[in-house]
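**Student:** For the sequence shown, position 511 matches number 511 in my numbering, and the numbering has no gaps at all.
Each residue gets a CB set at the ideal place from its N, CA and C atoms; glycine is no exception.
None of the values given here were measured: they were computed from a predicted structure.
Can you keep this structure in mind? I'll have questions shortly.
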Amino acid sequence: MRYLKSRTPLHGVQLLAASACTVLAACGGGGNGWNPAFVPPPNSSAANPSPSQPVAPQTVELKSCESLAGMTIPADQIGLPTKGALVQTAVSTAAVAPFPDSEGEHLLETPARCVVQGYISSVDAAAPPIKFNINLPLKNWNRRLLQSGGGGLGGQLISAPGNKGSGRFDPNPVDAPYPITLGYVTFGSDGGHASSDYQFTKNDEAMRNWGGDEVKKTRDVAVAVVKSAYGAAPSKIFFSGESAGGREALIAAQRFHADYDGIIATSPVLSWNAIHISDNNLRDKLTTGFLDKSAIKLIADKTRASCDAQDGLVDGVIAKYLSCPNDAASLRCPDGNAGSGCLSDSQIASVNAIRDPFQLPFTLSNGISRFPGFGVTGDEDGTGFQYAFYPVGTVAPSQTLPAGRGNEAGRGGILNFATYWIRHAVVQDETFNPYLFDAKPYAGRLQYLSSLFDATNPDLSGLAAKGGKVIIMHPSADNATPLTVTGEYYRSVVSKLGQATTDQVMRVYVGPGGSHNVGGTTQIDALSILEKWVLNNELPPDAPIAYYKSVTDAKLLRSMPACRYPMYAQYKGSGDINAASSFTCTTRPDPLAP
């Protein structure tokens, strides 16, 4: 879910909670808040190393910009059913000076470009159109396209000026050149609905668009516009997305592999339906066993005491991920009732609802019959996007909800997202109370939604056959969508394709610690790695450097290896603890193996 970030566009999602950024997204700034006093970061130096630069491409100059306005794309040029598309506006825009935001997405200048916006008409007149935004380089198009996935509930033009897809995207370092600067055409959509709307969930075509059809439709329209704008077809098409956008990225790899050459998925919400049913179960538990600030600190302190040293360094990061036991029961108050410096039975039940697997009463697409739980991630009390933001919140959820959208201020982001999904997508009744939701009567509906939304298909043979590549990046302390799901997906791909073919088509990297919105030491130069793999057949490294660079000024705070799953970063016992060279990626059996 990039589940979200703040400001109006918020990673392509509007606020789900009145007091926080929307459900499942990071609170962050964006385009309209430029501060003329803001000083952009200096060029990288040896003291602040920058990722390697991509291979310089042959470039193409834009033939026209404003003349693209009014262009129509016939339905027969779009590979899924539509009533065609229309370019409403095409405007040459000046370069945008750097401006600050909470995730460092616009610390560098955004170059002058042609901004093209329009919509794709649905076959069903009652289904909203898919709105798109395409950013065209004026003089240095590198013959490549980069499509951006949305976040949370969708509903915002993710690549529009000031939004994420127009500047830096996760997980790239905050001072890495932006794709538009490198000559990429960047584009994205609103997912086929407005962020303020929830009535669209009753329309099947709108739900099919959101589930994945908009990925293909938007891609085909962008290709048609690019051919008209430059008089040439693209040579390569990439897709990158985080959270809900990471789900879209893997939908592209699984369903539309013929259309893409490379995929980057960060913290992907693969098992979309299972996680939201499980999140609602967690919400039920928190109504009586809420984890306040002191309880969360107690849990986090216990995690650090139990497991921080396993990676050879006591630094607050559980780098040996998915190996720490859930020992919340050891924190139990003597009589099981609420007390000081301990957890009640109801609070322990809430911790277990976060960490332990949740069994579904039926099977979803691709044999998914459970949500594996978050496990013990570490950094539960971290600022930003950890327990107090995503799985728990700062206010206990209510057992009843008012009619309408159903989100509650101060509640955990993924809790609000779960209630939205059950109320509007599954039951399709805006008065339905999701408390103690019984999924069994809705098995058919959930299985249908799973076929649309879940990105759990392990068969990547089509992408592998055409030489396509997938890079997945997942922070180990992601407390919005867990590494366990990505790890189980990796295992399923190996089981389906075999290790050799999996190695040809996919890499999974784990950032040590971090958070859902790529906080901490989790910024890797994924685009450069993908380019070298796709364009030059250069095998990706097993241990790319993950950077922790300030989102304020790009200052290097720390670097560590982002080890290839299931390896982990082990401290060598000496050397600068803030330098990647002091760690080694250590081989071990898959911690998720039965």
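Does the Cβ of Gln570 have 16 or more other Cβ atoms within 10 Å, making it buried, or fewer, making it exposed?
**Tutor:** By the 10 Å Cβ count, Gln570 comes out buried.
**Student:** I need the straight-line Cα distance from Asn433 to Asp345, nearest angstrom please.
**Tutor:** So the alpha carbons of these two residues sit roughly 25 Å apart.
**Student:** Helix, strand or coil, according to DSSP, for Cys307 in the structure here?
**Tutor:** Of the three classes helix, strand and coil, the one that applies to Cys307 here is helix, per DSSP.
**Student:** Ile130 and Glu214 - do their beta-carbons sit closer together than 9 Å?
**Tutor:** A contact, by the Cβ cut-off of 9 Å.
**Student:** Suppose you measure from the CA of Val23 to the CA of Asp381; what does that come to, to the nearest Å?
**Tutor:** Only weak support is given to the placement of Val23: the predicted model assigns it a pLDDT of 37, under 50, and the value that follows is read from those uncertain coordinates. Each residue's alpha carbon lies about 19 Å from the other.
**Student:** Let me know the secondary structure DSSP gives Thr501 once reduced to three states.
**Tutor:** The answer is helix: DSSP assigns Thr501 an H, G or I state.
**Student:** Alpha carbon to alpha carbon, how far is Gly245 from Leu270?
**Tutor:** Approximately 10 Å between the Cα atoms of the pair.
**Student:** Excluding the 5 residues preceding and the 5 following Asp576 in the sequence, name in chain order all residues of the same chain whose CB lies nearer than 6 Å to its CB.
**Tutor:** Closer than 6 Å at Cβ, skipping near neighbours: Ser582.
**Student:** Could you give the uninterrupted runs of the alpha helix (DSSP H) lying entirely in the region 469-556, keeping only those of 4 residues or more?
**Tutor:** Complete alpha helix (DSSP H) runs here, min 4: 483-497, 499-505 and 526-536.
**Student:** Could you check if Ala557 is buried or exposed, using at least 16 other CB atoms within 10 Å of its CB as the buried criterion?
**Tutor:** Before going further, note that residue 557 is Leu rather than Ala in the sequence given. By the 10 Å Cβ count, Leu557 comes out exposed.
**Student:** Rounded to the nearest angstrom, what separates Val123 and Lys139 at their Cα positions?
**Tutor:** Taking the straight line joining both Cα atoms gives about 36 Å.
**Student:** Answer with buried or exposed for Phe417, where buried requires no fewer than 16 other C-beta atoms within 10 angstroms of its C-beta.
**Tutor:** Buried: at least 16 other Cβ atoms inside 10 Å.
**Student:** Distance check for Ser369 and Ala593, CA to CA, integer angstroms please.
**Tutor:** When rounded, the distance between both Cα atoms is 17 Å.
**Student:** Please work out which residues of its chain come closer than 8 Å, Cβ to Cβ, to Asp308, disregarding the five sequence neighbours upstream and downstream, and give them in chain order.
**Tutor:** The answer, listed in chain order, is Val314, Asp315, Gly316, Val317, Ile318 and Gly378.
**Student:** Out of curiosity, what's the CA-to-CA distance linking Ala425 and Ala439?
**Tutor:** Between Ala425 and Ala439, the C-alpha separation is close to 13 Å.
**Student:** Please classify Ala94 as buried or exposed, where buried requires at least 16 neighbouring CB atoms within 10 angstroms.
**Tutor:** Classification of Ala94: exposed, given that the 10 Å Cβ count is below 16.
**Student:** Under the DSSP definition of a beta bridge, which residues are partnered with Asn133?
**Tutor:** The partner list for Asn133 (beta bridge, DSSP) reads Gln117 and Gly188.
**Student:** Report the partner residues of Ala90 according to the DSSP bridge assignment.
**Tutor:** Its beta-bridge partners are Val116.
**Student:** Can you list, in chain order, the residues of its chain whose CB lies under 7 Å from that of Arg113, leaving out five sequence neighbours each side?
**Tutor:** Thr93, Asn135, Leu136, Pro137, Leu138 and Ile180, listed in sequence order.
**Student:** Over the uninterrupted beta strand (DSSP E) stretch that includes Lys236, give me the two end residues.
**Tutor:** First-last of the beta strand (DSSP E) with Lys236: Lys236 to Glu242.
**Student:** For the beta strand (DSSP E) that Thr181 lies in, which residues bound it at each end?
**Tutor:** It is not in any beta strand (DSSP E) - Thr181 instead sits in the alpha helix (DSSP H) that spans Pro179 to Leu182.
**Student:** From what residue to what residue does the alpha helix (DSSP H) around Thr218 run?
**Tutor:** Taken as a continuous stretch (DSSP letters only), the alpha helix (DSSP H) holding Thr218 covers Glu214 to Tyr230.
**Student:** Which runs of the alpha helix (DSSP H) spanning at least 4 residues fall entirely within the region 295-362, listed in chain order?
**Tutor:** Qualifying alpha helix (DSSP H) stretches, in chain order: 345-355.
**Student:** Going by alpha carbons, who is nearest to Leu291 out of Gly410, Ile158, Phe358 and Phe238?
**Tutor:** Among Gly410, Ile158, Phe358 and Phe238, the Cα nearest to that of Leu291 belongs to Gly410.
**Student:** State yes or no: is the C-beta of Pro161 within less than 9 Å of the C-beta of Thr89?
**Tutor:** It is not a contact, given that the beta carbons lie outside the stated cut-off.
**Student:** Out of Ile414, Gly520 and Gln504, point me to the one whose CA is closest to Val510's CA.
**Tutor:** Ranking the options by Cα distance to Val510, first place goes to Gly520.
**Student:** Quick one: what does DSSP say Ala176 is sitting in, helix, strand or coil?
**Tutor:** Coil, per DSSP.
**Student:** Counting C-beta neighbours from all protein chains within 10 Å, is the total for Thr486 16 or more, i.e. buried, or is it exposed?
**Tutor:** Under this definition Thr486 is a buried residue.
**Student:** Classify Ala569 as helix, strand or coil using the three-state DSSP reduction.
**Tutor:** Of the three classes helix, strand and coil, the one that applies to Ala569 here is strand, per DSSP.
**Student:** Give the DSSP-derived three-state secondary structure of Phe385 in the structure shown.
**Tutor:** Residue state, collapsed to three classes: coil.
**Student:** What alpha helix (DSSP H) runs, 4 residues minimum, are completely inside the region 420-454?
**Tutor:** With a minimum length of 4 residues, the continuous alpha helix (DSSP H) runs that stay inside the region 420-454 are 443-453.
**Student:** Kindly indicate which three-state DSSP category Leu138 falls into: helix, strand or coil?
**Tutor:** Three-state result, Leu138: coil.
**Student:** Output yes or no for whether 9 Å exceeds the beta carbon distance between Ser240 and Ala455.
**Tutor:** Not in contact: Ser240 and Ala455 (Cβ atoms no closer than 9 Å).
**Student:** First and last residue of the beta strand (DSSP E) that includes Ala265?
**Tutor:** Taken as a continuous stretch (DSSP letters only), the beta strand (DSSP E) holding Ala265 covers Gly262 to Thr266.
**Student:** Whole angstroms is fine: what's the gap from Ala265's alpha carbon to Tyr548's?
**Tutor:** So the two alpha carbons sit approximately 19 Å from each other.
**Student:** How many angstroms separate the CA atom of Arg491 from the CA atom of Pro475?
**Tutor:** So the alpha carbons of these two residues sit roughly 18 Å apart.
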